[in-house]
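In what follows, a structure is listed as structure tokens, so that the remarks can point back to it.
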Amino acid sequence: MTDAVLETTDVTVLLVDDNPQNLKVLYETLKDKGYRLLIANDGEKALDLAHRHQPEVILLDIMMPELDGYQVCERLKADPVTSDSAVVFLSALDDLQAKVRGFSLGGADYISKPFQAQEVIARVKTHARVIRLERELQARNRQLENDQARILNSISEGIYGLDATGVIVFANPAAAVTMGSSAEELIGQNFFDLHFRTAGQGRESLPVYATCSQGIAENQRDIEMLRADGTAFPVEYRSTPKLDGEELHGAVVVFRDITAELESEQALENARNMVQEQREQIAHFSRLTTMGEMAAGVAHEVNQPLTAITNYARVARRVLAKEEPDHQLLEETLEKIEAQSHRASEVIRRIRRFMKKPAAGKDVLSISALLEDTRQFAEVDIRNNEGGVEISVADNVPEVLADPVQVQQVALNLIRNALESTRSAGFSAPVEVAVTMSGRRCVRVTVTDHGVGLPDDAEEKLFLPFYTTKEEGMGIGLPMCRSLIQAQGGDIGFERPEHGGACFYFTLPVAGSDGTACAPDADSSGSAV
Amino acid sequence: MTDSQQTVYVVEDDEAVRDSLELLLKSDGKPVSTYENANTFLKDYSEKMAGCIVLDIRMPGMDGMELQKKLNEKHSILPIIFVTGHGDVPMAVDAMKEGAVDFIQKPYREEALLQKIEAALEQDREQRKTLGEKQEILRRVKSLTPREHEIMDRMIAGQANKVIAIELEISQRTVEIHRSRVMHKMGTHSLAHLVRMVLSVKDLIDPR
């Protein structure tokens, strides 16, 4: 703030003296200095003018009839409107006691009579400037406080200011609304006693306590707090220590009621669970369908060992019926019976494993072992396919994290499709199943056939539910596969090999890769679907 | 008629089933030959083979039904017993139309299988015997001179010697001599028997 600014601003100076001569001299001294000058020749007039015009500086004579300068000063300081005016006493009394009294009553300065004009001018100027600055500072402070209050009032989260013992020293309107109480009622109460049922059993373990007492910031979710009416609600809060330099003055707590949030999270979770459950049921249904389609093949596969067993058993009986039974032949025959029963039970074991409801859990599993098992199972169905299935596994392919039943279903679907496609195209080349790494985090399984290839509009249609190219198909194979693979964090799609036929692939995350999903290969030339 | 011994030819891709069937039939005293697929059997096949075929329908490569058709093209008379894990009706009907003698489902009772094999072998013997007889008749027919054949045709048609003599413009006596030669060469004394014999091979004689 410059002098020039100060001088052009409207500074008011009140001159109070019962002596007209003195008043005149003062007036003459200060006129033309840019001040608005007010004149009072007794105490009552002075008080009246001061109250109405709030002068920055009051030059006040002490020795006056009726109200003397001390009394006027006392009353000026008692009136909030005039309390900040700078009172400069004017007196011929030049003893120390008079000065001390004047200062003790709130006087700002003391000019001895007879006064020097230059001294009066300088002192008035100084005090006018100080008062002006003080007033502006106060106005600025009020402005800042208002801004702050508006910000705090408009925040939808509740805000508490706490002192070091947990007493609420500030509460914004949102805090009051959330707590079902007014801010006035909240302020002055103890945060811990007011909002926690277990406050009586010690505060050490309560939320925010560590922030108040040790300056440790906290951020917690789903904490239960009590409202004024004693009902509890879930809260998420952040508490920050209130620090003044190194010194801890309590805490600021920002909190919000998360009842609705938790409810929608719960609803989302329920929906997710339902989708998962339905996915599993569809997966199960799809397996049963697959199984139905494979029933003839399976029946055949079980019948083979049973037929052999029946034959061997009859042979054994004939050997025994002889007078001199051939024990070695008998032994061999019984061994063969045993081997064939194992074969039959192995087929049944595979069927049961395939048919069972998914345990809905991911395991760490060897993809090559799983594929080998799947191959044997598929061969039940492919006895009319000369080529069969060839599996090749790249070196050092790690284990994957996935649901074995679901992965097997996908592999089986793809292999069966490939076999059927090859067969219907009249080829006898084997279906090639290859396991390779895709990046460092994913294992990639490709199933390549030598069939008629994919239709032109495959990209758009192949993975649509109930779309099928087969006469008797139900069209739940590939969409189901995609759903199952995505549930494992993998990806599924197809490519059109140069030699014709089709190549389907799926990826699975390597075990221990933190469940990172296998994003489609950026460099893959195929059409990811 | 050949002297080849009756054999049970087993065509079955499943090693255990093939092995157990072979053991079973051998323990029953039957000669057995096994083949693991239709092609190897077809390569081995000759019309001198006697016995029957036990044939699996479901096999990789050429299946049982296709093998049956190929054998029919070669005029095989070997009876076929089809074995299948799941005999569905249309397949059984097709097989029977193509001349299969029987159809048996896995897993079968061994008695049932042996009975069917026994019946097939009997049918094979019958067919071979009939075929042998026919071939003998044909051989005799072929030993006739053209004139004798001409006379025989007229005998079978029921013409009297006199009519034959007039139509052929030969003497009745000459007809009588040819006639007795025909009866001698055909190995019979009865006209009725001659008629039966010639009719049974009628479809095998070149039409003139």
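Chains as they are written, first to last, in full-length UniProt numbering: chain A, 1 to 529; chain B, 1 to 208.
We treat Cβ as the ideally placed atom computed from N, Cα and C, and that holds for glycine.
Here the structure is a predicted model, which is why all the values come from computation and not from measurement.
Cβ pair residue i, residue j closer than 7 Å
| i | j | result |
| --- | --- | --- |
| THR307(A) | PRO79(B) | no |
| THR12(A) | GLU44(A) | no |
| VAL447(A) | VAL433(A) | yes |
| GLY490(A) | CYS518(A) | yes |
| ALA411(A) | VAL431(A) | no |
| GLY387(A) | ALA429(A) | yes |
| THR34(B) | ILE57(B) | no |
| VAL120(A) | THR29(A) | yes |
| LEU370(A) | PHE504(A) | no |
| ALA402(A) | GLN304(A) | no |
| VAL510(A) | PRO398(A) | yes |
| ALA50(A) | LEU14(A) | yes |
| ALA92(A) | ALA108(A) | no |
| ILE337(A) | ILE309(A) | yes |
| GLN408(A) | THR374(A) | yes |
| LYS134(B) | VAL201(B) | yes |
Listed by chain order, chain B residues near residue i by CB distance under 7 Å
| i | result |
| --- | --- |
| THR310(A) | PRO107 and GLU110 |
| ARG318(A) | SER27 |
| GLN340(A) | ALA16 |
Given residue i as reference, the closest of the options once Cα atoms are compared
| i | options | result |
| --- | --- | --- |
| ASN39(B) | GLU66(B), ARG18(B) and LYS48(B) | GLU66(B) |
| GLY158(B) | SER171(B), GLU118(B), GLN6(B) and ARG179(B) | ARG179(B) |
| SER156(A) | TYR237(A), LEU38(A), LEU96(A) and LEU508(A) | TYR237(A) |
| ILE151(A) | VAL130(A), PRO173(A) and ASP163(A) | PRO173(A) |
| LEU59(A) | VAL72(A), VAL400(A) and GLU332(A) | VAL72(A) |
| GLU218(A) | VAL253(A), GLN201(A) and HIS195(A) | VAL253(A) |
| ILE81(B) | ASP28(B), GLY29(B), GLU73(B) and GLN123(B) | GLN123(B) |
| ARG441(A) | MET64(A), VAL400(A) and LEU243(A) | VAL400(A) |
| THR82(A) | PRO207(A), ASP48(A) and LEU268(A) | ASP48(A) |
| GLU98(B) | ALA112(B), GLU118(B), GLN115(B) and HIS75(B) | HIS75(B) |
| residue 530(A) | GLN201(A), ARG197(A), ASN311(A) and THR259(A) | As displayed, chain A neither begins before 1 nor continues past 529, which places residue 530(A) out of reach and without an answer. |
| VAL195(B) | PHE103(B), ASP28(B), MET155(B) and HIS184(B) | MET155(B) |
| TYR160(A) | PHE170(A), SER154(A) and ASN153(A) | PHE170(A) |
| LEU90(A) | ILE111(A), PRO80(A), ALA251(A) and GLY106(A) | ILE111(A) |
| ARG135(A) | ALA232(A), GLU459(A) and ASP84(A) | ASP84(A) |
| PHE233(A) | PHE196(A), LEU248(A), GLY245(A) and THR240(A) | PHE196(A) |
| PHE463(A) | VAL443(A), GLY451(A) and GLN486(A) | GLN486(A) |
N- and C-terminal bounds of the beta strand (DSSP E) containing residue i
| i | result |
| --- | --- |
| GLY477(A) | Run containing GLY477(A): none in the beta strand (DSSP E); it sits in the alpha helix (DSSP H), 477-487. |
| TYR160(A) | 158-162 |
| PRO241(A) | 232-244 |
| GLY51(B) | 50-56 |
| GLN105(B) | 102-105 |
| GLY250(A) | 247-257 |
| PRO509(A) | 503-509 |
| ARG221(A) | 218-226 |
| GLY61(B) | Careful: GLY61(B) lies outside any beta strand (DSSP E) and carries neither H nor E. |
| GLN6(B) | 6-11 |
| SER27(B) | First-last for SER27(B): 15-27, but that is the alpha helix (DSSP H), not the beta strand (DSSP E). |
Neighbour list for residue i in chain A, Cβ cutoff strictly below 7 Å
| i | result |
| --- | --- |
| ASP14(B) | GLN304 |
| VAL17(B) | GLN304, THR307 and ALA308 |
| SER180(B) | Within 7 Å Cβ-Cβ: nothing; SER180(B) doesn't reach chain A, min ~59 Å. |
| SER190(B) | Going along chain A, no residue has its Cβ under 7 Å from SER190(B), so there is no contact; the nearest lies around 50 Å. |
Amino acids of chain A, ordered along the chain, whose beta-carbon sits closer than 9 Å to that of residue i
| i | result |
| --- | --- |
| VAL32(B) | Per Cβ cutoff of 9 Å: no residues; VAL32(B) is ~12 Å from chain A at best. |
Span of the alpha helix (DSSP H) around residue i
| i | result |
| --- | --- |
| VAL124(A) | 117-154 |
| ALA108(A) | First-last for ALA108(A): undefined, no H or E at that position. |
| GLY132(B) | 110-143 |
| ASP48(A) | 43-53 |
| GLY200(A) | Neither: GLY200(A) is in no alpha helix (DSSP H) and is coded neither H nor E. |
| PHE38(A) | Per the sequence presented here, residue 38(A) reads as Leu, with Phe not at that position. Run containing LEU38(A): none in the alpha helix (DSSP H); it sits in the beta strand (DSSP E), 36-40. |
| THR422(A) | 404-424 |
| ILE81(B) | ILE81(B) -> not in any alpha helix (DSSP H); beta strand (DSSP E) instead, spanning 80-84. |
| MET155(B) | 146-156 |
| ILE367(A) | 367-379 |
| ASN22(A) | 20-30 |
| ILE168(A) | Premise fails: ILE168(A) lies in the beta strand (DSSP E), 168-171, not in any alpha helix (DSSP H). |
Proximal residues of chain A, C-beta to C-beta of residue i below 8 Å
| i | result |
| --- | --- |
| LEU23(B) | ASN311, TYR312, VAL315 and THR333 |
Residue i CB to nearest heavy atom of the ligand GDP below 6 Å
| i | result |
| --- | --- |
| PRO479(A) | As presented, the structure is devoid of all ligands, the ligand GDP included, so that no description of it is given. |
> Mind pulling the alpha helix (DSSP H) runs of 4 or more residues that sit fully within the segment 278-362 of chain A?
Replying inline: 327-355
> Where in the segment 426-471 of chain A do unbroken runs of the beta strand (DSSP E), each at least 3 residues long, occur, reported from the N-terminal end onward?
Replying inline: 431-438 and 442-448
> Going along the chain, which unbroken runs of the alpha helix (DSSP H) with 4 or more residues stay wholly within the segment 61-93 of chain A?
Replying inline: 69-78
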